[in-house]
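Below is one structure; the comments refer to it alone.
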Amino acid sequence: MTQQADILCIGSVLWDVIGRTASSMRVGSDVPGRITRLPGGVAMNIAMTLRRFGMTPALLTAIGRDSEGDELVAEATRMGMVCDHIYRSEDLPTDVYMAVEGANGLIAAIADAHSLEAAGDKILRAMANGALGTADAPYSGTVALDGNLTEELLQDIAGSNLFQHADLRVAPASPGKAERLLALLGHPSATLYVNLEEAGLLCHTQFDDSASAAAALIQRGAHRVLVTDGGKSASEGTQGDIITQTPPAVMVTRVTGAGDTFMAAHIASESEGMNRSAALTRALNAAATYVSGETPL
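First residue of the sequence shown: 4, per our numbering; consecutive thereafter.
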């Protein structure tokens, strides 16, 4: 029997291979550190944080039928996620993300998400075949959407009746793919979670702070936005109403997944009925705790 999900997490679920060192790094550095392999990807990072906040996410993604994929699905199931709707490809390998982080932040990263991109709208089959919804009775719950999906698929989602009743939360895209979110900028129920650099790319300018970035995105047609700026500030806003807070100061030990943690904590907080200010505070605290190396609860 399929477990009931509180939220759908649509997008990348893969293995994160992260090398971390306490040393500052530059091009050509060769330093000691630790290399880990953990479940990752935007959709997975959000789902893992949602689980820590007591929610049950369902994953809609593409995972290969290779040994790495079997292990990844088993781990997601063990963590309490609904995996019944995952598209398992016979001929596409399980995706992987590789990054190197130093004391001076993210040095470099490569995301091999070719299988997710090749799968396209196959990952959305459960939204139309009755498992989670149909064209006549679309899914009406919360959806956490990976902004790194292909531009074509994001455009399809933006215009699809399958998402017309959903509370659509769009996860941070990597800066190199930020402009893909333009397809969802005018969606009537979409909340965009972006950092200051991504906001600038979407508006084709640079911003000095999160509040001005949030205001510009709303002016460009965004329904609702949350803009973060590392340890400086974060702003949440809708038309004519922007609130800004400063996150706690912490020692940064990791950065990969921080934005996903922030978004998941914010969604979980609002699902519990917290007001805007309290939800933003809790999300900032969760992200700060995460980057300090602790579990964000």
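Ideal Cβ placement from N, Cα and C applies to all residues, glycine included.
For Leu135, the closest of Ala102, Asp87 and Asp212 by C-alpha to C-alpha distance is Asp87. Excluding five sequence positions before and after Leu220, the CB atoms of its chain that fall closer than 8 Å to its own CB belong to Leu188, Leu195, Val197, Ala202, Leu205, Cys206, Val228 and Val230, given in chain order.
DSSP, reduced to helix, strand and coil, places Cys206 within a helical segment of the structure shown. Burial state of Gly72 is buried, judged by a 10 Å Cβ sphere holding 16 or more other Cβ atoms. Taking the C-beta atoms as reference points, Thr39 is found nearer than 9 Å to Val20. With fewer than 16 other Cβ atoms inside 10 Å of its own Cβ, Val34 counts as exposed.
Contact between the stretch 138-149 and the stretch 166-176 is established, with three or more Cβ pairs separated by less than 8 Å.
Shown here, Val230 sits in a strand according to DSSP, grouped into three states. The Cβ neighbour count for Val99, taken over all protein chains shown within 10 Å, is at least 16; the residue is labelled buried. Of the residues Ala193, Ala169, Thr153 and Pro191, the one whose Cα lies closest to the Cα of Glu182 is Thr153.
Secondary-structure assignment with DSSP links Leu135 through no beta bridge to anything. Here Ser70 is exposed, its C-beta having fewer than 16 other C-beta atoms within 10 Å. Annotation: Gly179 is outside any alpha helix (DSSP H) and is labelled neither H nor E by DSSP.
Counting C-beta pairs with one atom in each stretch, the stretch 45-52 and the stretch 5-14 have three or more that are closer than 8 Å, which means they touch. When DSSP assignments are scanned along the stretch 231-264, the uninterrupted stretches of beta strand (DSSP E) that are 3 or more residues long and fall wholly within it turn out to be 237-241 and 244-248. A straight line joining the alpha-carbon of Glu155 with that of Glu78 spans about 30 Å. Cβ-Cβ separation between Ala121 and Leu95: approximately 6 Å, consistent with a contact (criterion under 8 Å). Contact between Pro250 and Ala237 holds: their C-beta atoms lie close to 6 Å from each other, under 8 Å. Under the three-state reduction of DSSP output, Asp159 falls in the helix class.
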